[in-house]
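Quick note: the sequence shown uses our numbering, first residue -18, plus one each step.
A virtual CB, placed ideally from N, CA and C, is assigned to each residue, including glycine.
The structure presented is a predicted model; accordingly, all values stated were derived computationally and were not measured.
The next block holds one structure in the form of structure tokens; read it before the comments.
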Amino acid sequence: MGTIKHPIVIAIDGTSASGKSTNSKLVAAELGYIYVDTGAMYRTLAWYCLQQRIDVNDAKAVAAACRKWKTKLVCVENKVRLLVDNYFPEKEIRTPETAAAVAHVAAVPKVRDWMKKTQRDCIQFGNLVMEGRDIGTNVFPETDFKFYLDAKLDERSRRRAADGVQENLAARDQRDSQRASAPLMIALGARVINNSEMTAAETSGLLLADIRARLPKP
Ligand code: DC
């Protein structure tokens, strides 16, 4: 009888514009794992609510929408996508309107329950690199691979501006850290990497060295 092999989950949490996406993609590509952007899932729900003219400040209405929407998880080119009515909203979830709405939907406890279940379902696709705010604390607390990225506020603001996005990051971090349900915090046992003075190649190099040193030997 063979032993059951559980997929490996690398959890990468951290503040806004701390390099989670860039480094998670680099690490996933290097290891041949599947990349999951959980922020995109919250953004997709925020976009859906705006589309349906649901007031994102009405927690009950948002929870009801999340109960009813027709979604499907698919894996395309080693990235997980959340489809809504068989449609993949990509550009739409990066607009300023969606960015302004997302923290409200992400604060609804019923939404977080749905997201946790859906994000855990992603292991059907194999080994994962999953980025977010509560992956190590709440979604996959059992994983041994937890990281927390951060950088100085002025450096993070500079990175966002370089991407062409003007955003009040301090306000968003505060909302993400102070909500009652699964707030952003450093998971027990997480390796904290402040990459203010580091390039993406250096940050992902650190992550990969740490992961490889601890991966089960084949
Ligand atoms: O990483 P991002 O900017 O795309 O995330 C969008 C918002 O979603 C962010 O303000 C916080 C929320 N979020 C969350 O609450 N939990 C996650 N695991 C991922 C994102």
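Per DSSP, the bridge partner or partners of residue i
i    : result
A81  : Beta-bridge pairing links A81 to no other residue.
V146 : The partner list for V146 (beta bridge, DSSP) is empty, contrary to what the question assumes.
I15  : L109
Opening and closing residue of the beta strand (DSSP E) in which residue i lies
i     : result
G113  : 109 to 113
A(-8) : -10 to -5
V43   : Note, V43: premise wrong, no beta strand (DSSP E); alpha helix (DSSP H) at 40 to 49.
N53   : Strictly speaking, residue 53 in this sequence is Lys, with Asn absent from that position. Note, K53: beta strand (DSSP E), 52 to 57.
K198  : Premise fails: K198 is in no beta strand (DSSP E) and is neither H nor E.
V65   : 60 to 65
Cβ neighbours of residue i in the same chain (closer than 7 Å, five flanking residues each side left out)
i    : result
A27  : V37, T79, A82, V83, V86
N175 : D131, A132
Y29  : A46, W50, V65
D191 : R172
C56  : I15, F106
I35  : A42, V43, A46
N119 : K97, A163
L189 : V8, E11
S5   : I(-7), Y16, V110, E112
Burial state of residue i (16 or more Cβ within 10 Å)
i    : result
K41  : exposed
A46  : buried
Y129 : buried
G13  : exposed
A151 : exposed
K127 : buried
Q105 : exposed
S185 : buried
K98  : exposed
D18  : buried
A182 : exposed
Q100 : buried
L7   : buried
T180 : exposed
R153 : buried
E71  : exposed
Delimiting residues of the alpha helix (DSSP H) encompassing residue i
i   : result
R75 : Per DSSP, R75 belongs to no alpha helix (DSSP H) and is neither H nor E.
R24 : 19 to 32
T3  : 1 to 12
Beta-carbon contacts of residue i that lie in its chain and below 6 Å, excluding the five residues immediately before and after
i    : result
D157 : R114, L165
F121 : V(-10), A(-8)
S162 : P90, R93
K60  : Y16
F69  : R62
E73  : W28
I116 : A(-8), D(-6)
E148 : R141
Own chain residues within Cβ distance below 8 Å of residue i, not counting five before or after
i     : result
A142  : none
K53   : L63, L64, N67
S(-1) : L130, D131, A132, R137, N176
### Message
For a minimum of 4 consecutive residues, which ranges assigned as the alpha helix (DSSP H) are wholly contained in the stretch 150 to 191?
### Response
DSSP runs (the alpha helix (DSSP H)) wholly in the stretch 150 to 191: 150 to 159.
### Query
Residue ranges of each alpha helix (DSSP H) run of no fewer than 4 residues wholly in the stretch 88 to 135, ordered along the chain?
DSSP assignment within the stretch 88 to 135 yields the following whole alpha helix (DSSP H) runs of 4 residues or more, N-terminal first: 90 to 101.
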